[in-house]
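Q: Last residue of the first sequence: number 925 in my numbering, and the count goes up by one each step with no gaps.
Ideal placement from N, C-alpha and C gives every residue a C-beta, glycine not left out.
Since we're looking at a predicted model, the values are computed, not measured.
Let me give you the structure first, and then I'll get to my questions.
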Amino acid sequence: MEYSFKTIENKWRSYWDENKTFKANSSSDKPKYYVLDMFPYPSGAGLHVGHPLGYIASDIMARVQRLRGFNVLHPMGFDAFGLPAEQYAISTGKHPAVTTKENTDRYIAQLKNIGFSFDWDRLINTSDPNYYKWTQWIFLKLFNSWYDTEINRARPIDELVAIFENDGSEILAYHDEHASFTAEEWQQMSEQEKSDILMKYRLAYQSYAYVNWCEALGTVLANDEVKDGLSERGGHPVERKQMRQWFLRITAYADRLLNDLDSLEWSDSLKEMQRNWIGKSVGATVFFELENGGKLEIFTTRPDTIFGVSFMVLAPESELVNTLTTPEQKDEVEKYVQWAKNRSERERQADVKNVTGVFTGSYAIHPFTGAKVPVWIGDYVLAGYGTGAVMAVPAHDARDFRFAKQFGLPTPRVIVEKEGDSLELTEAYEAKEGILVQSEFLNGLTVKEAIAKAVSEIENKGIGCKKENFRLRDANFSRQRYWGEPFPIYYKNGIPTAMPESELPLLLPEMDDFKPTGRPESPLAKLNDWKYDGYPLETDTMPGFAGSSWYFLRYMDPENNQAFASTDALKYWKDVDLYVGGTEHAVGHLLYSRFWHKVLFDYGLVPVNEPFKKLVNQGMIQGRSNFVYRITGTNTFVSHGLKDQYDTSALHVDVNIVKNDVLDIEAFKNWREEYANAEFILENDLYICGVEIEKMSKSKYNVVNPDQIVEDFGADTLRLYEMFLGPVEQSKPWNTNGIEGTHRFLKKLWNLYHNKEGFNVVETEAGPKERKALHTLIKKLNDDIERFSFNTCVSSFMICVNELSELKANQREILEPLAILISPFAPHIAEELWSKLGHEESVAYAKFPELNPSFLVEANFNYPVSFNGKTRFQLELPTDLDIKAIEEAVLADERTERWKEGKTIKKMIIVPKRIINIVIG
RNA sequence: GCCCCGGUGGUGGAAUUGGUAGACACGCAGGACUUAAAAUCCUGUGACCUUACGGUUGUACGGGUUCAAGUCCCGUCUGGGGUACCA
5 MEYSFKTIEN KWRSYWDENK TFKANSSSDK PKYYVLDMFP YPSGAGLHVG
55 HPLGYIASDI MARVQRLRGF NVLHPMGFDA FGLPAEQYAI STGKHPAVTT
105 KENTDRYIAQ LKNIGFSFDW DRLINTSDPN YYKWTQWIFL KLFNSWYDTE
155 INRARPIDEL VAIFENDGSE ILAYHDEHAS FTAEEWQQMS EQEKSDILMK
205 YRLAYQSYAY VNWCEALGTV LANDEVKDGL SERGGHPVER KQMRQWFLRI
255 TAYADRLLND LDSLEWSDSL KEMQRNWIGK SVGATVFFEL ENGGKLEIFT
305 TRPDTIFGVS FMVLAPESEL VNTLTTPEQK DEVEKYVQWA KNRSERERQA
355 DVKNVTGVFT GSYAIHPFTG AKVPVWIGDY VLAGYGTGAV MAVPAHDARD
405 FRFAKQFGLP TPRVIVEKEG DSLELTEAYE AKEGILVQSE FLNGLTVKEA
455 IAKAVSEIEN KGIGCKKENF RLRDANFSRQ RYWGEPFPIY YKNGIPTAMP
505 ESELPLLLPE MDDFKPTGRP ESPLAKLNDW KYDGYPLETD TMPGFAGSSW
555 YFLRYMDPEN NQAFASTDAL KYWKDVDLYV GGTEHAVGHL LYSRFWHKVL
605 FDYGLVPVNE PFKKLVNQGM IQGRSNFVYR ITGTNTFVSH GLKDQYDTSA
655 LHVDVNIVKN DVLDIEAFKN WREEYANAEF ILENDLYICG VEIEKMSKSK
705 YNVVNPDQIV EDFGADTLRL YEMFLGPVEQ SKPWNTNGIE GTHRFLKKLW
755 NLYHNKEGFN VVETEAGPKE RKALHTLIKK LNDDIERFSF NTCVSSFMIC
805 VNELSELKAN QREILEPLAI LISPFAPHIA EELWSKLGHE ESVAYAKFPE
855 LNPSFLVEAN FNYPVSFNGK TRFQLELPTD LDIKAIEEAV LADERTERWK
905 EGKTIKKMII VPKRIINIVI G
């Protein structure tokens, strides 16, 4: 009887749907287990083969935990707001809500096709008003909060107002710049002044930031849409424009976000990434007097090197640039600042080959030596970090060193490895160890001592103090876009004001025209009636990470319209036991979610202070991308082999219009309007595309769908194959070579339970060989599931089934537990076998088979492990023995007794106290 | 540039704590069954030398620690992810 996967999979898919087999109840006597996937963005390209990698792994865990007796919550939903749907709307006029609905429907069908055990009744969608009502509600919570650094938690803004009214500004609160005022002064302030001051304290506040403005397209671009300083669409110039925007004050939580990492079961590398992102550093803030009056504040982590300062560098955006530039330098400085302004931060940091900068003409005075120190402007200094100015110590910082070499500035060395070393330098000596020289009162000290001493001297002189600094910046929460959550904020006489909670959700208004406004603002600005209570509403919308920062809480109680989730549900499900998702979210999403969760925790709205207990980072299934090369400023494309002769930028091209890396030129012209008149420079009459292995993503046009695989081999084969491909954590490019192997395995499994006539399982007792095969498998599975090693699980299944096939084992005693064991991995076939074994309830309600170690021990004695025809084993010896005695001990061992007939010890590898390896041949 | 992860046969990968490198699977070659093909099954398969027995060598590259290194340390090369408006 043949394994007919289509019939079987269709049957059980509808059975699970109709019976709601995987519905989770928010109350149960069983212990709870919450397994969560990072929910997908429903891209127009459909679910790609990379998505299921993590989903299959988490589904296996969900199913295993159900079999182990847990009440499992395993939900799915969609992160449905975002840029691609809006871009699609701009080019086709199709409303993002419509495309999003189409895409989510397709995703649901594709997901159901793979047989995931999701509780579909808990499906959520971040673009659904019933969902984003609560995103807006949490935003208002943030807007109406300030951070009390004395008790280290968020508090209502009303309480801050009360404090200002009674005591003025002298409180321990986390804020921007400090404005000092008395209670009386506060009371006399205008509404506008009060609002401005409160903005400096709110956890959601307004401030200024740069956006990528593209004049030609008339819109603000995401970083992803900018390539080499030009817009990806059209290749138009992009400039950076400063605008007022919303921010979230995540920096108030920097210490807690850092310290609480210790309690999480996340990989060390991921925690390390978050730590580095938060980037806590301890150093000093120091004021340098300027020659012509005024002061320059810098932050340094290396106050010990203060005698090595040979110049200062300001970020081009620094407010001091204007005041410090002398008339002679004015032209040059303005030219430089204008140029640097349009380079992205990443470009500025990555481009170390071209060191750029300009002298302001002004000098600072070294606080200890009194020397004149020139003040430069350089774009490797970022305005957003520290004070936007550095004291440059070229001898001990690589970036400062390159700058000094470029502009012929001195590089005095102040630290040597050991006393008496030469002061010559060919590169910066950055090590934080050595002895101070040429440093007056620091001479002879170690770096560590010198840091402490320098800080105390700086403090004594009253020119600075010890300071902690974080690399983490507040999160920019504004987007000049349509397809996102509207802010429940209106401008009452120009003052940003929260809408009442009772008015939520503030619905995203219907629009027909999503084209850019031609100004750096959201399409919502085109609406005349976008008003609340007669006042204009905020026209920016929230970014992609708004909805995804709290969705894991909504699954606990998705229908609730009184609260984002009920207290009971939150108490019961508490937190996510296992979170599976890609490393691409290592800092963004995972940091924002932790931050939101902590704010809610401060208000007692969630029971625990961290949302994700254990995290597994699935690797990425990568795609094979193709590229075309556009000559800068033209609509001409040059073939890969000739591109180095031109100034080009590489653009992704749809892999579907490329065959064997040769571009179908006609298809390319039809692909996008802007390419209709494209011209080509060919090689050998062909346009050859470039190739790169990278993230599979719609924007890279390299997506492969799982649908065809399910059609050809079935979902169970796809599930096993994706697991068999390698460790879940590992990234690899997609390819289907070898999928036959896992399909063949399923056929073999099927044939264990069937002969030609049909189902064929006997009730007789199994022999020791069969029992050993089964229990070896149980043991392997238990160990491997624990360490998330599903590829070796699949191998173990194959080995076991091969052995059982050879033994022609068809005893119920063996096959019943085998069906349960395979069910998390290949659920459809397992359900079919389970029902044929005479069970009425789903295999999901079965009990995970227990290991009987006695079968293994017995088996081990009867059937020694053997490789390449040689028998080997390890023997532990108690103490040092001479070779002769070891040999005797080996021969006396009962295992040797069993195997040594006619054989001798061929090889022994001996280490002190222990024999490691004995080969008998 | 900076932070994080990886590099093992023709291919995906295994080796769990430093102790048999290449499990399992794909591919390939040969064979069985078949008129033939498909399917299935069996055998072989890192490289080099050898008719064979067997030997030598081998985990990106260069060093080091160790009785013992794919695994630990230092340096280099190289691929991928992130880099704050893709999600």
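Taking all protein chains shown into account, decide if T11 is buried (16 or more other Cβ within 10 angstroms of its Cβ) or exposed.
A: exposed
Q: With 16 other CB atoms within 10 Å as the buried threshold, where does I64 fall?
A: buried
Q: Within the continuous alpha helix (DSSP H) that includes R206, where are the two ends?
A: Taken as a continuous stretch (DSSP letters only), R206 belongs to no alpha helix (DSSP H), as it is neither H nor E.
Q: Tell me whether K736 sits in a helix, a strand or coil according to DSSP, three-state version.
A: strand
Q: Within this structure, are the beta carbons of V68 and Y37 separated by less than 7 Å?
A: no
Q: Please classify M316: does DSSP put it in a helix, a strand, or coil?
A: strand
Q: Count the other CB atoms, across all protein chains shown, that sit within 10 Å of the CB of Y607; report buried if there are 16 or more and exposed otherwise.
A: Counting the other Cβ atoms within 10 Å of the Cβ of Y607 gives fewer than 16, which makes it exposed.
Q: Could you spell out the range, first to last residue, of the alpha helix (DSSP H) harbouring T108?
A: Where T108 is concerned, the enclosing alpha helix (DSSP H) stretches over 100–117.
Q: Where do the N-terminal and C-terminal ends of the beta strand (DSSP E) with G2 fall, by residue?
A: The requested residue 2 does not occur in the structure, where the chain is confined to residues 5 to 925.
Q: Going by C-alpha to C-alpha distance, which of I167, M546, V397, V230 sits closest to H240?
A: V230
Q: So, does the region 602–618 touch the region 639–657, judging by three or more C-beta pairs under 8 Å?
A: no
Q: Under 7 Å, do A573 and S32 count as touching if we go by C-beta distance?
A: no
Q: Quick one: measure Cβ to Cβ for L146 and L252, integer angstroms, because I've assumed they're closer than 8 Å.
A: 6 Å
Q: So what's G551 in DSSP terms, helix, strand or just coil?
A: Assignment of G551 by DSSP, reduced to helix, strand and coil, places it in the helix class.
Q: Measuring CB to CB, does I692 end up less than 7 Å from D665?
A: yes
Q: Going by DSSP in three states, V962 sits in which element: helix, strand or coil?
A: The shown model of the chain, from 5 to 925, leaves out residue 962, and the question about it has no answer.
Q: Return the first residue and the last residue of the beta strand (DSSP E) that W141 is part of.
A: Judged by DSSP secondary structure, W141 falls outside any beta strand (DSSP E) and instead within the alpha helix (DSSP H) spanning 133–147.
Q: Considering only their Cβ atoms, is the gap separating A344 from P371 smaller than 7 Å?
A: no
Q: Can you list, in chain order, the residues of its chain whose CB lies under 8 Å from that of A93, leaving out five sequence neighbours each side?
A: Correct list, in chain order: H99, P100, T103, Y486, W487, F518.
Q: Does DSSP put W929 in a helix, a strand or coil?
A: The question about residue 929 has no answer, for the chain in this structure spans 5 to 925.
Q: Candidates A399, H400, Y384, P857: which alpha carbon is nearest A393's?
A: Y384
Q: For the region 495–506 and the region 459–470, state whether three or more C-beta atom pairs, one from each stretch, are separated by less than 8 Å.
A: Not touching, per the Cβ criterion.
Q: Looking at C-alpha atoms only, which residue of N759, P731, E835, T139 is the closest neighbour of H791?
A: The sequence as given places Arg at residue 791; His does not occur at that position. For R791, the nearest C-alpha among the options comes from P731.
Q: Whether or not the region 664–680 and the region 11–28 are in contact is what I'm after, with contact meaning three or more pairs of Cβ atoms, one per stretch, closer than 8 Å; do they touch?
A: Judged by Cβ distances under 8 Å, the region 11–28 makes no contact with the region 664–680, as fewer than three pairs qualify.
Q: Taking one C-beta from the region 470–485 and one from the region 284–291 each time, how about it: are there three or more such pairs within less than 8 Å?
A: yes
Q: Since P160 sits in a beta bridge, which residues does DSSP pair it with?
A: S149
Q: Going along the chain, which residues of its own chain have a beta-carbon closer than 7 Å to the beta-carbon of E163, five neighbours each way excluded?
A: Result list for E163: empty, nothing under 7 Å.
Q: Considering only residues of the region 404–470, which uninterrupted beta strand (DSSP E) runs meet the minimum length of 3 residues and lie entirely inside it, listed in chain order?
A: none
Q: CB-CB under 7 Å to E698, same chain, minus the five flanking residues each way: which ones, in chain order?
A: Q626, G627, S629, K704
Q: What does the alpha-carbon distance come out to for the pair E295 and F311?
A: Between the alpha carbons of E295 and F311 lies a distance of about 18 Å.
Q: Is there contact between the region 193–202 and the region 217–236, where contact requires at least three CB pairs shorter than 8 Å?
A: No, they do not touch.
Q: According to DSSP, which residues form a beta bridge with E293?
A: K299, I369
Q: Give the straight-line distance between the Cα atoms of W190 and N497, rounded to the nearest whole angstrom.
A: 20 Å
Q: Check whether the region 510–528 touches the region 554–571, counting contact only when three or more Cβ pairs, one atom from each stretch, lie closer than 8 Å.
A: no
Q: Look at V584 and Q622 and say whether their C-beta atoms are less than 7 Å apart.
A: yes
Q: Check for me: the alpha helix (DSSP H) holding N263 runs from which residue to which?
A: Counting along the chain, the unbroken alpha helix (DSSP H) around N263 starts and ends at 258–263.
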